[in-house]
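In my numbering, the protein residues as written are 64 to 413.
By construction, the Cβ of each residue, glycine as well, lies at the ideal position given by its N, Cα and C atoms.
All remarks here apply to the structure that follows.
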């Protein structure tokens, strides 16, 4: 009878044998132990493919939808609100700001003023406040203390605002900036491969799933203590990111397409039945009876050729000779109206 080793838990399989392991036991293979906490964030270690495999394409979104981006827009809203208060005559406690005070506020509204280092200060304060919007307020107050005018109105930072007031404006501005962002690659190798469209389809599926949850979740409130919206909205950029990746992949795939004009011309020349529409319209115009029924009998289940279609036109009773000659000039290829102009002008209407 063969000897069967005792089963060991999966987690212990990589562990080295103990000192009490019998000398006749099979040697254990060496296993490299990697501490996950020691791994630096890179395209190889990122959990989300947006920051990993597709990091190059989604990079323009990092300044918008990242934690830094959210802090940056919160700072912008808070500063603009304080400036607005200074312009309201009825708010006498906040007098109009000087150019120097406004310059400081304007600077904080820019990426040069609200740097990642500034945002890190906010995150450090948040560890003590346990409130992300309040942390922004506290760090801004520290900045305002460097200007005598702003130092006099510190308590009007975030005045009459709720966190939701700051957040919903921040998210709206994030979306606006993302729409204006140019995401995509200018290098598009030309090869026949459906991978771009498949990539687009997959990313659109993920984006739609996330956005569908936002659509269903955000309108529902459990009153003021419902903080689930905050968590959900942090994934707004994830949905936008996957959507933009999908659009970029679609455009990349389209750029690789090549028109087989010979095949298209052959397909059109084999589809003369499409001219049943204009012929029926002209028949109705001149009062020919039962135009639909006559064309149905002619085309249904039949292979229509140029010769048979021209013969049908010649045989239409009640149709003027001039109208017949005009119909004979039609082909499946030239029966397109102003479609070319519409396609060319499409960009102007978007």
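Asked                                                                                                                  : Found
Residue 220 beta carbon less than 8 Å from that of residue 236                                                         : no
Buried versus exposed call for residue 357 [16 or more other C-beta atoms within 10 Å across all chains shown]         : buried
C-alpha distance - residue 125 paired with residue 365, whole-angstrom precision                                       : 59 Å
Close-in-space but distant-in-sequence residues of the same chain around residue 86 (CB under 6 Å, 5 per side omitted) : Its pLDDT being 49, under 50, residue 86 is placed unreliably in this model, and the value from its coordinates should be taken loosely. Around residue 86: no qualifying Cβ.
Residue 283 burial status per 10 Å Cβ neighbour count (16 or more: buried)                                             : exposed
Proximity test, Cβ basis, 8 Å: residue 258 and chain C                                                                 : Note that chain C does not occur in the displayed structure, where there is just one protein chain.
The stretch 130-144 touching the stretch 175-186, judged by at least three CB pairs closer than 8 Å                    : yes
Residue 257 classed as buried or exposed, judged by whether at least 16 other C-beta atoms fall within 10 angstroms    : exposed
Under the three-state DSSP convention, the category residue 209 falls into                                             : coil
Backbone CA spacing between residue 339 and residue 362 [nearest angstrom]                                             : 8 Å
Beta-carbon proximity list for residue 127, same chain, < 6 Å, skipping 5 on both sides                                : 237, 240, 241
Distance, residue 188 Cα to residue 198 Cα                                                                             : 5 Å
The stretch 139-147 / the stretch 220-234 touching (three or more Cβ pairs under 8 Å)                                  : yes
Nearest-angstrom beta carbon gap, residue 302 and residue 267 [assumed within contact, 8 Å]                            : With a Cβ gap of about 10 Å, residue 267 and residue 302 do not count as contacting.
Test item: CB-CB of residue 115 and residue 106 under 8 Å                                                              : yes
The stretch 161-169 / the stretch 204-213 touching (three or more Cβ pairs under 8 Å)                                  : yes
Residue range of the alpha helix (DSSP H) that includes residue 142                                                    : 130-149
Straight-line Cα distance separating residue 259 from residue 344                                                      : 42 Å
Local conformation of residue 380 per DSSP, three classes                                                              : coil
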